[in-house]
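Take 70 as the starting number for the sequence shown in my numbering and just add one per residue. Worksheet for the structure shown next.
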Amino acid sequence: MFPSRARSTRRLATLAITVALATALATALLAPRTLAEAAAPAGHGEEVLARVNVIRATPTECGAEGEQPAAPALALDERLNAAALAHAADMRQQGAIDHVGSDGGTVADRLEREGYNWSAAGENVAYGYESVAEVVEGWLESDTHCVNMMRPAFEHLGVGRDGLYWALALAAPL
């Protein structure tokens, strides 16, 4: 083979591989995902629970909301996990962070859809955090989110993450 023909063949092969990789990447990024595929990596719920319970164990300053008293430890609830995950996925699909879902539903609606009969319900949402430590610290630095995490009426939590969208559902049963 002539040197110039070999270079042309390599260039075409490189171009074909580049186009194939770009197409695969675009498909993966833009394809709709199921809730199972969107799920937070295993252990996020337990890690959020552990961090929130450490915070709740002592009185905590919540900015303008003042010092919040220590509160009982929370337990992880799969129904709250499902509600939080559905909301995180919805926020990602909408490309917006909000406490109201694209269907107009609130955290209370999401909990009820998952079969959780609540007497108290709250929610923290966030965007842009890459780790549990970062998102929990972000919530702690937000006065209202901090108060939510410290609210003694809550008994359960659930967490959902889809990409950089996070939702934390907090509740107490009837």
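Note that the Cβ used here is the ideal one computed from N, Cα and C, for glycine as well.
Residue range of the beta strand (DSSP E) that valine 169 falls in?
Note, valine 169: premise wrong, no beta strand (DSSP E); not H, not E.
Going along the chain, which unbroken runs of the beta strand (DSSP E) with 3 or more residues stay wholly within the segment 183–209?
187–196
Do you know offhand how far histidine 225's Cα is from glutamate 192's?
Cα-Cα distance, rounded: 12 Å.
May I ask which residues mark the beginning and end of the beta strand (DSSP E) holding leucine 226?
225–231
Below 7 Å CB to CB, which residues in the same chain sit around asparagine 150 once its five sequence neighbours on both sides are set aside?
Gly114, Gly227, Val228, Gly229
For aspartate 231, does the count of other Cβ atoms within 10 angstroms reach 16, so buried, or fall short, so exposed?
The Cβ neighbour count for aspartate 231, taken over all protein chains shown within 10 Å, is at least 16; the residue is labelled buried.
Per-residue burial, leucine 209 [other beta carbons within 10 Å of its own, 16 or more giving buried]
Classification of leucine 209: buried, given that the 10 Å Cβ count is 16 or more.
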